[in-house]
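To convert, take the position in the sequence shown, counting from 1, and add 54; that gives our numbering. Where a beta carbon is used, it is the ideal one built from N, C-alpha and C, also for glycine. These numbers were taken from a predicted model, which means no experiment stands behind them. Before any comments, here is the structure.
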Amino acid sequence: MPEGDTIRRLADRITERFAGQTCGRCVTRDPRLVGLDLVGAEMVGADAFGKHLFVRFRRPAGELLSLHAHLLMDGRFVVGPASKEPEWRRRIELWFADGRLTGLDVPLLGVVPTAREHELIDHLGPDLCGPTAPDPAMVASRLQHDPEVPLAAALLDQRNVAGFGNVYAVELPFVVGLSPNQPVGGIDGLEGLLAIGTPMIRRHAVSGPRNTTGRRLGTADHFVYGRQSCPVCATVLRHWNDRDSPWGRVSAWCPSCQRLEPRRSVDLVRARRLLALHPVRRDPLFPRATPVVEPASATGQAGSAGQGPDGLPEVSAGR
Ligand SMILES: [Zn+2]
55 MPEGDTIRRL
65 ADRITERFAG
75 QTCGRCVTRD
85 PRLVGLDLVG
95 AEMVGADAFG
105 KHLFVRFRRP
115 AGELLSLHAH
125 LLMDGRFVVG
135 PASKEPEWRR
145 RIELWFADGR
155 LTGLDVPLLG
165 VVPTAREHEL
175 IDHLGPDLCG
185 PTAPDPAMVA
195 SRLQHDPEVP
205 LAAALLDQRN
215 VAGFGNVYAV
225 ELPFVVGLSP
235 NQPVGGIDGL
245 EGLLAIGTPM
255 IRRHAVSGPR
265 NTTGRRLGTA
275 DHFVYGRQSC
285 PVCATVLRHW
295 NDRDSPWGRV
305 SAWCPSCQRL
315 EPRRSVDLVR
325 ARRLLALHPV
335 RRDPLFPRAT
345 PVVEPASATG
355 QAGSAGQGPD
365 GLPEVSAGR
């Protein structure tokens, strides 16, 4: 399902294929696009912010116009070949010299002057897949502004941070040993989760499919999303379906590894072990192992959770 990484990849594919080409034919089947005619307009390129897609055009008179799309759960774009889907599903079809761009079942579509794109995204938090990675500590403090909110709900709230969808809201808590139901105010070291989740989604924004385990790269693979038992301890997973879930989305967690307690710490030792094969381990943002403190000078928590400011390297320049 489309998350920030998917939309970033889509924007890059649209730009690579069609930037600089002129629209030769334009068909719309969406009431919000009535009267839109892009014939003669040059595609400037596409860009993404969180889960929002902007496809930019320059009309012959020089006016800059953006097609705005949000795919929600089911929308998608076909880039290049002609779509074989029924006409009524093809909300917009644009013909270029190098193929066709077709929006299928896109639930939110509109057109705005490019200069006013920001009005559609001003309410969002920093974009995880933007030109530079947002600072994990800054994002963690945004996620924790309302201490009662469950972790998964905070990760999904695009006003906190833009880009995470439900796969990350299920998988990241598992990786660091937190319940998706854990209130964010009861989490220590939340920046550690972001220092893993940020490079992970950025990696998937460059090369898909989304694979949170690092095993069988090139296939979609997950630890607990869509699964029945815990890959670490074999306990039967607990699930929310989308009707019962407090945040309206399916979820899964291991009641043994991801216990709900008044206070829990992000477990970076667990995360490093689970992600031993994931290329995200090589990202400069990924938390490095903290040297084990000798018991004599230990503060009582030596080598346990391993989180802390010293475990977080500086923010990378990003790509
Ligand atoms: Zn488990």
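What span of residues does the beta strand (DSSP E) with residue i cover, start to end?
i: glycine 251; result: Unbroken run through glycine 251 is the alpha helix (DSSP H), 244 to 260; no beta strand (DSSP E).
i: valine 109; result: 106 to 112
i: valine 323; result: Where valine 323 is concerned, there is no enclosing beta strand (DSSP E), although the alpha helix (DSSP H) it sits in stretches over 322 to 328.
i: alanine 102; result: 96 to 103
i: alanine 123; result: 118 to 124
i: phenylalanine 131; result: 130 to 134
i: arginine 317; result: Segment: none, arginine 317 is in no beta strand (DSSP E) and carries neither H nor E.
i: leucine 158; result: 153 to 158
So, at 6 Å on beta carbons, what are the nonlocal neighbours of residue i in its own chain, with the 5 sequence-adjacent residues on each side left out?
i: threonine 69; result: Gly99 and Ala100
i: proline 188; result: Pro180
i: threonine 82; result: Leu90 and Ile146
Tell me the DSSP secondary structure of residue i in three-state form.
i: asparagine 295; result: coil
i: phenylalanine 72; result: helix
i: serine 195; result: helix
i: tryptophan 301; result: coil
i: aspartate 200; result: coil
i: alanine 65; result: helix
i: glutamate 147; result: strand
i: alanine 343; result: coil
i: valine 378; result: In the structure as shown, the chain begins at 55 and stops at 373. Residue 378 is therefore absent and cannot be evaluated.
i: glycine 58; result: helix
i: proline 309; result: coil
i: valine 238; result: helix
i: arginine 86; result: helix
i: valine 334; result: helix
Whole angstroms is fine: what's the gap from residue i's alpha carbon to residue j's?
i: proline 316; j: glycine 240; result: 6 Å
i: glutamate 202; j: alanine 208; result: 10 Å
i: cysteine 308; j: valine 320; result: 15 Å
i: leucine 205; j: leucine 87; result: 37 Å
i: alanine 136; j: serine 261; result: 24 Å
i: valine 221; j: leucine 118; result: 35 Å
i: lysine 138; j: leucine 121; result: 22 Å
i: valine 290; j: glutamine 282; result: 6 Å
i: leucine 247; j: valine 304; result: 20 Å
i: histidine 177; j: arginine 213; result: 6 Å
i: threonine 186; j: glutamate 141; result: 39 Å
i: arginine 269; j: phenylalanine 277; result: 10 Å
i: histidine 172; j: cysteine 287; result: 46 Å
i: aspartate 337; j: arginine 79; result: 43 Å
i: threonine 266; j: leucine 182; result: 16 Å
i: alanine 249; j: alanine 330; result: 15 Å
i: arginine 143; j: leucine 158; result: 5 Å
i: arginine 170; j: valine 109; result: 13 Å
i: glycine 280; j: alanine 306; result: 8 Å
Any idea if residue i is buried or exposed, counting beta-carbon neighbours within 10 angstroms, 16 or more meaning buried?
i: proline 341; result: buried
i: methionine 127; result: exposed
i: cysteine 284; result: buried
i: cysteine 311; result: buried
i: lysine 105; result: buried
i: arginine 257; result: buried
i: alanine 65; result: buried
i: glycine 377; result: Lying before the first or after the last residue shown, residue 377 is absent from the chain, which here runs from 55 to 373.
i: threonine 60; result: buried
i: histidine 199; result: exposed
i: glycine 219; result: buried
i: histidine 332; result: buried
i: serine 195; result: exposed
i: leucine 328; result: buried
If you follow the alpha helix (DSSP H) that residue i is in, where does it begin and where does it stop?
i: threonine 82; result: Note, threonine 82: premise wrong, no alpha helix (DSSP H); beta strand (DSSP E) at 79 to 82.
i: alanine 223; result: 220 to 229
i: histidine 172; result: 172 to 175
i: alanine 207; result: 205 to 210
Looking only at its chain, what residues have a beta carbon closer than 8 Å to the beta carbon of residue i, apart from the 5 residues adjacent to it on each side?
i: cysteine 77; result: Leu92, Val93, Gly94, Ala95, Glu96, Met97, Phe111, Leu148, Trp149 and Phe150
i: alanine 352; result: Because the pLDDT at alanine 352 is just 44, under 50, the model does not fix this residue reliably, and the value given afterwards should be weighed accordingly. Answer for alanine 352: no residue qualifies.
i: glutamine 75; result: Glu96, Met97, Phe150, Ala151 and Asp152
Nearer than 6 Å: is that true of the beta carbon of residue i relative to any heavy atom of ligand 3?
i: serine 310; result: Ligand 3 is absent from the structure shown, which contains only ligand 1.
When you compare the CB of residue i with every CB in chain E, is at least one pair closer than 7 Å?
i: leucine 209; result: The structure shown contains no chain E; it is built from a single protein chain.
If I measure Cβ to Cβ from residue i and keep anything under 7 Å in the same chain, skipping five residues before and after, which residues do I get?
i: glycine 231; result: Cys311, Gln312, Asp321 and Arg324
i: glycine 164; result: Arg86 and His122
i: proline 300; result: Pro204 and Ala207
i: arginine 71; result: Val133, Gly134, Asp152 and Gly153
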